[in-house]
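Student: Can you keep this structure in mind? I'll have questions shortly.
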Amino acid sequence: MVMVAAGLFTGCTKDPDSVTDLGRYSSGSYPTSLDDLTSVLGTAYANYRHEYLSGFQLLCKTFAATEHTSNLVYGGQAYWNDIQYNNMNSSNLLAKQTWQGLFTGVKDANAALDRADFYEANYMTSSELQMVNYIRGEAHFLRAYYYFMLECLYGESYISASGGDDKMGVPIFTKVPTTLAETQQPRSSAKQVWDLVKQDLQTAAQLLQGVHWEDRYRGRVTDWAAKALLGKAYVFTQDWGNAKTILKEVIDNSGKTLMPYDKYRMAFNSNVGSNLNNNPNCEFNEESLFEINVDRVAADYGIFGGMPNKNLTTSMGLIWSPSGFNDAGTGSIGMGYANECVHDRNLVRFGYDLPLYALVDNPDFDITKPEDVATGNIKRIPDPEYTVKTKQYRAEKITDPRLYVCALEPYQDTVYFGLPGGAGKRRPVAKCANLPTQEYHGWSYKKYQTLDSRLDDVKQADGANYYLLRMADVYLLYAEACMNSGDDITALEYINKVHRRAYGLPVNSASDVDYKTLSDRTKADASDVNLANQPLRYERWAELFAEGHWWFDVCRWRIGANEAAYYGNLLPDNHPSNWSDERSYSFPIPLEELNANIKMAGQQNPGY
Numbered sequence: 001m002v003m004v005a006a007g008l009f010t011g012c013t014k015d016p017d018s019v020t021d022l023g024r025y026s027s028g029s030y031p032t033s034l035d036d037l038t039s040v041l042g043t044a045y046a047n048y049r050h051e052y053l054s055g056f057q058l059l060c061k062t063f064a065a066t067e068h069t070s071n072l073v074y075g076g077q078a079y080w081n082d083i084q085y086n087n088m089n090s091s092n093l094l095a096k097q098t099w100q101g102l103f104t105g106v107k108d109a110n111a112a113l114d115r116a117d118f119y120e121a122n123y124m125t126s127s128e129l130q131m132v133n134y135i136r137g138e139a140h141f142l143r144a145y146y147y148f149m150l151e152c153l154y155g156e157s158y159i160s161a162s163g164g165d166d167k168m169g170v171p172i173f174t175k176v177p178t179t180l181a182e183t184q185q186p187r188s189s190a191k192q193v194w195d196l197v198k199q200d201l202q203t204a205a206q207l208l209q210g211v212h213w214e215d216r217y218r219g220r221v222t223d224w225a226a227k228a229l230l231g232k233a234y235v236f237t238q239d240w241g242n243a244k245t246i247l248k249e250v251i252d253n254s255g256k257t258l259m260p261y262d263k264y265r266m267a268f269n270s271n272v273g274s275n276l277n278n279n280p281n282c283e284f285n286e287e288s289l290f291e292i293n294v295d296r297v298a299a300d301y302g303i304f305g306g307m308p309n310k311n312l313t314t315s316m317g318l319i320w321s322p323s324g325f326n327d328a329g330t331g332s333i334g335m336g337y338a339n340e341c342v343h344d345r346n347l348v349r350f351g352y353d354l355p356l357y358a359l360v361d362n363p364d365f366d367i368t369k370p371e372d373v374a375t376g377n378i379k380r381i382p383d384p385e386y387t388v389k390t391k392q393y394r395a396e397k398i399t400d401p402r403l404y405v406c407a408l409e410p411y412q413d414t415v416y417f418g419l420p421g422g423a424g425k426r427r428p429v430a431k432c433a434n435l436p437t438q439e440y441h442g443w444s445y446k447k448y449q450t451l452d453s454r455l456d457d458v459k460q461a462d463g464a465n466y467y468l469l470r471m472a473d474v475y476l477l478y479a480e481a482c483m484n485s486g487d488d489i490t491a492l493e494y495i496n497k498v499h500r501r502a503y504g505l506p507v508n509s510a511s512d513v514d515y516k517t518l519s520d521r522t523k524a525d526a527s528d529v530n531l532a533n534q535p536l537r538y539e540r541w542a543e544l545f546a547e548g549h550w551w552f553d554v555c556r557w558r559i560g561a562n563e564a565a566y567y568g569n570l571l572p573d574n575h576p577s578n579w580s581d582e583r584s585y586s587f588p589i590p591l592e593e594l595n596a597n598i599k600m601a602g603q604q605n606p607g608y
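So in UniProt numbering, the last one in the sequence shown is 608, and the numbering has no gaps at all.
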């Protein structure tokens with residue numbers, strides 16, 4: 001028995017009337033039509049928008065904390081603090097909920113495969129076989145994706161060219177359990193899990209070969225998405241030869257490429273029709289291989305509201321929302337919860353090394369008029385010398401331009417407090433509203449944020465799609481495979497293609513900003529052991545910042561101790577990281593899982 005919902009992976013704007021909660025169905029009589037079967041598959045797509053995953057907390061809580069993209073300014077949840085401090089235990093709520101969310105996705109994908117077999121045996125017409133096989137291909141891809149995430153988070157260790165095949169992976173389920181005994185599975189080996197991921201993706205690519213979805217289904221998986229994720233799995237297991245072959249095929253034949261910088265700089269924000277976010281051409285663009293569709297369709301409280309709209313949106317923006325000034329320009333207001341801001345050490349990594357600004361009296365303040373941030377009539381402003389310098393850093397690209405794609409600078413960037421985004425609702429970005437002290441830069445996030453209204457104005461519904469696979473990732477994975485198989489020239493060129501795009505330059509032509517070697521200086525500070533002279537690592541960090549990739553890179557390269565040292569003490573309590581090479585590269589298996597599954601007894605990850 002599984003839950004189903006229809007219409008959950010549609011492309012652009014979805015019709016709420018077509019999204020229904022069908023409740024429980026009998027596995028002996030359902031599905032009886034192709035639409036029914038499609039609705040079963042829909043749950044496997046929709047699950048990634050669940051509260052436990054990208055619907056609310058995976059990027060903005062789990063990954064933002066492990067990667068230290070954020071400084072956490074809200075200290076009211078100990079389990080969240082513990083992830084920030086690398087201090088998890090087997091009772092950690094986020095670790096448990098992420099496990100549950102990902103395995104729910106596995107279950108949903110398995111249900112789709114099971115129901116495809118049932119439908120073919122009982123109701124399918126011969127003309128429907130290709131579509132049924134497409135659905136099978138999508139289900140294999142989604143199961144592979146969920147297992148990819150599970151293994152990267154909970155596996156004991158990554159496989160390397162020198163070994164690790166026998167390390168503990170996660171339990172494998174290739175069908176929906178129908179008895180208690182079938183739910184009791186031991187941890188498979190790391191190799192067995194990665195083999196399943198690769199086999200599923202190979203099957204998906206074969207079943208989806210040549211698929212061209214019409215516009216209303218453009219959020220569905222293609223064979224190129226399957227091949228791209230397969231290439232990533234090869235890189236993550238250091239199978240460099242196979243990685244090079246499949247990734248080059250994606251580069252040469254998928255029809256996908258890097259989008260131009262003018263599109264890229266706003267491609268992570270919503271396409272809502274306002275004067276700021278009217279960018280519908282950014283969704284499902286020429287760089288995107290697979291993305292999760294998100295519509296700003298207001299429910300009672302975002303994903304925590306009622307059906308059907310809760311299944312069409314996400315509410316992550318509440319957690320890491322930007323902050324703007326109040327009407328008088330004397331204080332900060334969060335556009336959502338404003339629970340976190342961009343960690344200051346990340347500004348330095350992007351090449352922004354200016355000190356904290358000082359506030360001075362505004363010489364243009366008109367005492368005869370009310371204080372009004374919208375018109376600029378405020379008493380205190382940043383030191384003009386600082387303002388000149390920070391604008392110079394941006395205009396002359398002294399700072400990596402991607403900083404301004406990822407983050408919003410106080411006083412220099414703009415948000416809107418209300419719809420429509422008229423001039424009277426315009427607000428300069430302020431320091432994060434909940435900072436315990438002003439001794440921080442306090443930049444806000446820009447990626448995936450709602451910028452044209454406070455979240456309350458749209459009933460806590462996000463509007464920006466989330467990229468899970470895009471070509472910049474593929475280029476850098478291909479560069480890594482080349483670098484590790486003796487082809488340094490090609491590796492450097494593909495690193496530079498991504499780097500050039502960040503500076504608005506033609507990606508296929510040599511430029512003055514090119515790295516000259518694979519150990520050239522980056523924008524990171526010279527004291528940054530992990531990134532200062534590592535262009536590949538730096539480009540993966542900067543290009544994919546706040547997209548949920550860096551934690552896996554840290555773990556597979558085993559550079560966590562240096563990362564912990566780089567970030568130092570962390571908010572909310574100015575607490576140092578409790579990093580341990582024995583423990584911290586893997587999440588704990590949830591205690592409830594170990595207690596419920598007798599075949600996993602004694603199979604906790606080391607150090608927990």
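Note that CB positions come from ideal geometry on N, CA and C, so glycine has one too.
Let me check one thing: in DSSP terms, what residues is Leu359 bridge-paired to?
Tutor: Along the sequence shown, read from residue 1 onward, the residue named residue 359 stands at position 359. Paired residues: Pro382.
Student: Checking the sheet assignment: what are the DSSP bridge partners for Met168?
Tutor: Residue mapping note: residue 168 aligns to position 168 of the sequence shown, counting from 1. The partner list for Met168 (beta bridge, DSSP) reads Ser189.
Student: Using C-beta distances below 7 Å, list every residue in its chain close to Ala430, excluding the 5 sequence neighbours before and after it, in chain order.
Tutor: As a position in the sequence shown, residue 430 is number 430, starting the count at 1. So the qualifying residues of the chain are Ser323, Gly324, Phe325, Ser332 and Pro410.
Student: Do you know how far the Cα of Leu72 is from the Cα of Val342?
Tutor: The residue you call residue 342 lines up with position 342 of the sequence shown. The residue you call residue 72 lines up with position 72 of the sequence shown. Cα to Cα, the separation comes out at about 9 Å.
Student: Could you name the residues of the same chain whose beta carbon sits closer than 8 Å to that of Pro606, not counting the 5 residues immediately before and after it, in chain order?
Tutor: Here residue 606 corresponds to residue number 606 of the sequence shown, with the count starting at 1. Cβ neighbours of Pro606 beyond the five flanking positions: Glu156, Glu582, Arg583 and Ser586.
Student: In three-state terms, what does DSSP make of Asp487?
Tutor: Taking the first residue of the sequence shown as position 1, residue 487 is located at position 487. DSSP places Asp487 in coil when its eight states are reduced to three.
Student: Would you mind stating whether Tyr494 and Tyr475 have Cβ atoms separated by less than 7 Å?
Tutor: Walking along the sequence shown from the start, residue 494 turns up at place 494. Walking along the sequence shown from the start, residue 475 turns up at place 475. Yes.
Student: Looking at the unbroken alpha helix (DSSP H) that takes in Cys406, where does it start and where does it end?
Tutor: Residue 406 sits at position 406 when you count from the first residue of the sequence shown. Leu403 to Cys406 is the extent of the alpha helix (DSSP H) around Cys406.
Student: Using a Cβ distance threshold of 8 Å, determine whether the stretch 126 to 135 contacts the stretch 69 to 88, with at least three qualifying pairs required.
Tutor: Judged by Cβ distances under 8 Å, the stretch 126 to 135 makes no contact with the stretch 69 to 88, as fewer than three pairs qualify.
Student: For a quick check, are the C-beta atoms of Ile303 and Glu51 less than 7 Å apart?
Tutor: Residue mapping note: residue 303 aligns to position 303 of the sequence shown, counting from 1. Residue mapping note: residue 51 aligns to position 51 of the sequence shown, counting from 1. Cβ distance < 7 Å, so Ile303 and Glu51 count as in contact.
Student: Could you have a look at Ser509 and say whether DSSP puts it in helix, strand or coil?
Tutor: For the purposes of this step, residue 509 is taken as residue 509 along the sequence shown, with counting starting at 1. Coil, per DSSP.
Student: Please go through the same chain and pick out, in chain order, the residues whose beta-carbon is closer than 7 Å to the beta-carbon of Ala464, but skip the five residues on each side of it.
Tutor: Locating residue 464 in the sequence shown gives position 464, where the first residue counts as 1. Cβ within range, chain order: Phe268, Asn269, Ser270, Val294 and Tyr448.
Student: Taking 8 Å as the cut-off, does the stretch 35 to 51 touch the stretch 529 to 544 (at least 3 CB pairs, one atom from each stretch)?
Tutor: Short answer: they don't touch.
Student: Leaving out the 5 sequence neighbours to the left and right, which residues in its chain are closer than 8 Å to residue 610 when beta-carbon positions are compared?
Tutor: Lying outside 1 to 608, the shown extent of the chain, residue 610 is not represented and no answer is given.
Student: Which one or two residues does DSSP pair with His549 in a beta bridge?
Tutor: One-based indexing of the sequence shown puts residue 549 at position 549. His549 is not bridged to any residue.
Student: According to DSSP, is Thr203 helix, strand or coil?
Tutor: Here residue 203 refers to the residue found at position 203 when the sequence shown is read from its first residue. In this structure, Thr203 counts as helix in the three-state DSSP scheme.
Student: Check this for me: beta carbons of Ile246 and Leu230, under 7 Å apart or not?
Tutor: Within the sequence shown, the letter at position 246 stands for residue 246. Within the sequence shown, the letter at position 230 stands for residue 230. Contact: yes.
Student: Express the C-alpha separation of Asn578 and Asn434 in angstroms, rounding to a whole number.
Tutor: In the sequence shown, residue 434 corresponds to position 434, counting from 1. In the sequence shown, residue 578 corresponds to position 578, counting from 1. Straight-line Cα distance between these residues: approximately 24 Å.
Student: Looking at the structure shown, is Ser126 part of a helix, part of a strand, or coil, going by DSSP?
Tutor: For the purposes of this step, residue 126 is identified with residue 126 of the sequence shown, where counting begins at 1. Here Ser126 sits in helix by DSSP.
Student: Thr390 to Leu354, Cα distance in whole Å?
Tutor: What you label residue 390 is simply residue 390 of the sequence shown in a count that begins at 1. What you label residue 354 is simply residue 354 of the sequence shown in a count that begins at 1. Their Cα atoms are separated by approximately 8 Å.
Student: Can you tell me the Cα-Cα spacing of Thr399 and Asn569, whole angstroms?
Tutor: Along the sequence shown, one-based indexing puts residue 399 at 399. Along the sequence shown, one-based indexing puts residue 569 at 569. Computed Cα separation, rounded: 24 Å.
Student: Between the C-alpha atoms of Glu593 and Ser189, what's the straight-line distance to the nearest angstrom?
Tutor: Position 593 of the sequence shown holds residue 593. Position 189 of the sequence shown holds residue 189. In a straight line, the C-alpha of Glu593 is about 18 Å away from that of Ser189.
Student: Enumerated in chain order, which unbroken segments of the alpha helix (DSSP H) with a length of 4 residues or greater are wholly contained in the stretch 59 to 141?
Tutor: Taking only runs of at least 4 residues, the alpha helix (DSSP H) segments lying wholly in the stretch 59 to 141 are 64 to 67, 78 to 84 and 93 to 122.
Student: Is it right to say Gly273 is buried, meaning 16 or more other beta carbons lie within 10 angstroms of its own, or is it exposed?
Tutor: The residue you call residue 273 lines up with position 273 of the sequence shown. Low per-residue confidence applies at Gly273: pLDDT is 48, beneath 50, and the placement is therefore not dependable enough to give any value.
Student: Would Trp320 pass as a contact of Tyr445 if the rule is Cβ separation under 7 Å?
Tutor: Working through the sequence shown from its first residue, we reach residue 320 at position 320. Working through the sequence shown from its first residue, we reach residue 445 at position 445. Going by C-beta atoms, Trp320 is nearer than 7 Å to Tyr445.
Student: DSSP state of Ser323, grouped into three classes?
Tutor: What you label residue 323 is simply residue 323 of the sequence shown in a count that begins at 1. Here Ser323 sits in strand by DSSP.
Student: What does the alpha-carbon distance come out to for the pair Thr517 and Asp488?
Tutor: Counting from 1 along the sequence shown, the entry for residue 517 is found at position 517. Counting from 1 along the sequence shown, the entry for residue 488 is found at position 488. Going from the Cα of Thr517 to the Cα of Asp488 covers about 9 Å.
Student: Measure the Cβ-Cβ separation of Ile159 and Thr69 and say whether it is below 7 Å.
Tutor: By 1-based counting over the sequence shown, the position of residue 159 is 159. By 1-based counting over the sequence shown, the position of residue 69 is 69. Not closer than 7 Å, so no.
Student: Lys425 to Ser254, Cα distance in whole Å?
Tutor: On the sequence shown, position 425 is the one that residue 425 refers to. On the sequence shown, position 254 is the one that residue 254 refers to. One C-alpha to the other measures close to 43 Å.
Student: In the DSSP assignment, find the unbroken beta strand (DSSP E) run with Phe290 in it and report its ends.
Tutor: Position 290 of the sequence shown, counted from the first residue, corresponds to residue 290. Start and end: Ser288 to Ile292.
Student: When DSSP labels each residue in this structure, what does Gly42 get in the three-state scheme?
Tutor: Against the sequence shown, residue 42 aligns to sequence position 42. Note: Gly42 maps to helix in three-state DSSP.
Student: Between the C-alpha atoms of Ser54 and Asn362, what's the straight-line distance to the nearest angstrom?
Tutor: Numbered from its first residue, the sequence shown carries residue 54 at position 54. Numbered from its first residue, the sequence shown carries residue 362 at position 362. Spanning the two alpha carbons is a distance of roughly 43 Å.
Student: Please name the residue or residues paired with Gly163 in a DSSP beta bridge.
Tutor: Numbered from its first residue, the sequence shown carries residue 163 at position 163. Paired residues: Ser160.
Student: Does the beta-carbon of Arg500 have 16 or more other beta-carbons within 10 angstroms, so that it is buried, or is it exposed?
Tutor: Within the sequence shown, residue 500 is the residue found at index 500, counting from 1. Label assigned to Arg500: buried.
Student: Check each candidate in Pro436, Asn309, Ala181 and Ile292 and name the one with the smallest Cα separation from Ala338.
Tutor: Counting from 1 along the sequence shown, the entry for residue 338 is found at position 338. It is Pro436.
Student: Starting from Gly241, trace the beta strand (DSSP E) in both directions and tell me its first and last residue.
Tutor: Start at 1 with the first residue of the sequence shown, and residue 241 comes out as number 241. No beta strand (DSSP E) holds Gly241; the alpha helix (DSSP H) holding it covers Trp240 to Asn253.
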